[in-house]
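Quick notes on the structure that follows.
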Amino acid sequence: MKHALSVTRAQNFAEWYQEVIAEADLAEESGVRGCMVIKPWGYGIWERIQTLMDAQIKLAGVENCYFPLFIPLSYFEKEADHVEGFAKEMAVVTHHRLKSVNGKLVVDPDAKLEEPLVVRPTSETVIGAAMSRWIQSWRDLPMLTNQWANVVRWEMRTRMFLRTSEFLWQEGHTAHADKADAMAETLRALEMYRAFSEGPLAMPVVAGEKPENERFPGADATYSIEAMMQDGKALQAGTSHYLGTTFAEAAGIRYQDRDGGLQLCHTTSWGTSTRMIGGVIMTHGDDDGLRCPPQIAPHQIVIVPMLRDNDEDLAVLDYCRTLAGELRGQMAFAEPLRVLLDTKAIKASNKRWNWVKKGAPVIVEVGPRDVAGGNVSVLRRDRLYNADGKLATAIMARDDFTGIAASLLEDIQTALHAEAKTRLVASIRRDVTDLAAHYAGDDKVVGWVEVQWARPTGEALEAIVQQLKALKLTMRNVPLDAVPADGVCFFTGETAVERILIGRTY
RNA sequence: CGGGGAGUGGCGCAGCCUGGUAGCGCAUCUGUUUUGGGAACAGAGGGUCGCAGGUUCGAAUCCUGUCUCCCCGACCA
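End of the first sequence = 506 in this note's numbering, gap-free, step of one.
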């Protein structure tokens, strides 16, 4: 069987990933280290993610704001752990002017800023400063904010969508009267991410709490959703943090309670980023490119007219326009269908393969024979081939197709999720007794291992971290829905208190 | 930042060792014939060889510096 990509997942997963991004026209290098140009199809997917996620955020009563890109350096100095965690990867603006010297533009030394400005790596500090002004009374709580923005972290090693120096994300920041309320918000955001991932992204995840050593700098507790990529590695696809009163102390976020006493707020932060697109690629992609879940596909159904530069073309186009109109009147996932009639003047067969690589969920080909018979030729991207290796083109009456189009998209969404869910479940092992043997070899990635442990801290924890590191393994999270521990700690032999997932990661 | 590889028309590459004024495939454009599993033929356009210095009569080629990308580490969403 001939595939649309030159590298298969089995041959070289990393190379395959890059080829999908190039061939699906999702993004490209920009010439600036670690920064990518997100092209229309890739950005369209991000816009879909934004639209659907934003609705969920608003449904929870969170309001959008926008805070500055530049954060005064001193803001970071207020919280030691936080600055420690980000200091090594911050982009800093120190001057505000250039000058021309011998035809070259150079930084003007006379234009040095009094205080350097950090390009935000995350906005806890600025938003904390704002909240300290906005919150005075218990009546102001909870304060629920979110922003859609770009952030910059000067990463050592970058990979498109998975780790770029600049990335797009949403960051929720909330302030609460007490720990219980803040924890509830932290877990609400986590559940929102879990449901979003399993729903629109069709990407099954495990929601759980990060061990102490994997916490966000300055957080009291960090939760994550972890997705299983097709090569068996984990991808942290979203995080939610309970920050205790740490950031409230640093920024002076206080409120007067009902009794007139002055109290510190308990804050949270939570975020998801363009990394999710990388997760979608590595969850659903196949050897023909991306398979885009219908809910986040910019175009769910692409109509490809088979034009021959002759008189029949008008009739074919006319038929296609009518079909597009009929389809746009249908609803799937409580939204009108997104239908593209692709009239670009290239050969229909090339057009088809381009849409296969981009992962349009349904490709409908319409040629003179279809027009004559009142039919359409339908390809569903999640089941591209028949058992005999031939393209599984289904020829059906136009009316029949318009009647089932919406449910077809919903089927594809469900099928993609089911396929990935099966893989996730099958890739978690609970009977492993020897990690070194299980993960033998640098390239051998066999999914995750769940073990019971005693949740040690300090040096005992550090020893385990180092032991895992030697095997290129990390602790992913303690699944919230795991069955209670009933044995001894995999590492220390003490009585176990919970179960934790271990694996290789992006 | 350490180790390895690479930057040559839009994309993928050859040329570099042994300096002499740039070539191939794909793509693009034009025309003709085609057309339902990625069309064929003919013709055309397009590159100061990542960038900056240096050596030389002459640099894609040699030297120095620098930027970017890929792989492996350390760091991380």
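Glycine included, every Cβ here is placed at the ideal spot set by N, Cα and C.
Exercise for the section: Mind checking who T495 pairs with in its DSSP beta bridge? Expected result: V488
Handout entry: Integer Cβ distance of Y255 from L141, believed to fall under 8 Å
Key = 6 Å
Exercise for the section: Take every Cβ of the segment 194 to 208, pair it with every Cβ of the segment 288 to 300, and state whether three or more of those distances are shorter than 8 Å. Expected result: yes
Exercise for the section: Take M192 and list the residues in its own chain whose beta-carbon comes closer than 6 Å to its own, dropping the five residues that flank it on each side. Expected result: Q56
Problem - C-beta atoms of D287 and H3 nearer than 8 Å - result: yes
Exercise for the section: Sort L435, M90, C489, A437 by Cα distance to A460 and report the nearest one. Expected result: C489
Handout entry: Distance, G503 Cα to T474 Cα
Key = 6 Å
Handout entry: Contiguous alpha helix (DSSP H) assignments of at least 4 residues, all confined to the segment 124 to 160
Key = 124 to 134
Exercise for the section: May I ask which residues mark the beginning and end of the beta strand (DSSP E) holding M228? Expected result: 221 to 228
Exercise for the section: Take every Cβ of the segment 115 to 124, pair it with every Cβ of the segment 146 to 157, and state whether three or more of those distances are shorter than 8 Å. Expected result: yes
Exercise for the section: Please report how far the alpha carbon of M396 lies from the alpha carbon of L337, in whole angstroms. Expected result: 19 Å
Problem - Residues of its chain near D108, where Cβ-Cβ distance is below 8 Å and the 5 sequence neighbours each way are ignored - result: H95, R97, L98, K99
Practice task
Compare the beta carbon distance of L168 and S273 with 8 Å and say whether it is the shorter of the two.
Solution key: yes
Problem - Any 3 or more C-beta pairs closer than 8 Å across the segment 320 to 333 and the segment 223 to 232 - result: no
Exercise for the section: Sort M36, Y506, I45, R476 by Cα distance to N213 and report the nearest one. Expected result: R476
Practice task
Using DSSP bridges, identify the partner residues of Y242.
Solution key: A221, T268
Practice task
Let me know if M160 comes out buried or exposed under the rule of 16 or more other beta-carbons within 10 Å of its beta-carbon.
Solution key: buried
Exercise for the section: Express the C-alpha separation of H417 and V302 in angstroms, rounding to a whole number. Expected result: 22 Å
Problem - Other residues of its chain near G208: CB distance less than 6 Å, five sequence neighbours each side excluded - result: N477, V478, P479, L480
Problem - Where the beta strand (DSSP E) containing V432 begins and where it ends - result: First-last for V432: undefined, no H or E at that position.
Practice task
Report buried or exposed for E185, applying the criterion of at least 16 other Cβ atoms within 10 angstroms of its Cβ.
Solution key: buried
Exercise for the section: Could you tell me the distance, in whole angstroms, from the CA atom of K351 to the CA atom of L52? Expected result: 29 Å
Practice task
Using a threshold of 8 Å, state whether the C-beta atoms of T125 and F70 are closer than that.
Solution key: no
Handout entry: Beta-bridge pairing of L341 - partner residues as DSSP gives them
Key = I303
Practice task
Go through the segment 320 to 403 residue by residue and report every complete run of the beta strand (DSSP E) that reaches 3 residues or more, in order.
Solution key: 339 to 341, 362 to 366, 375 to 380, 394 to 397
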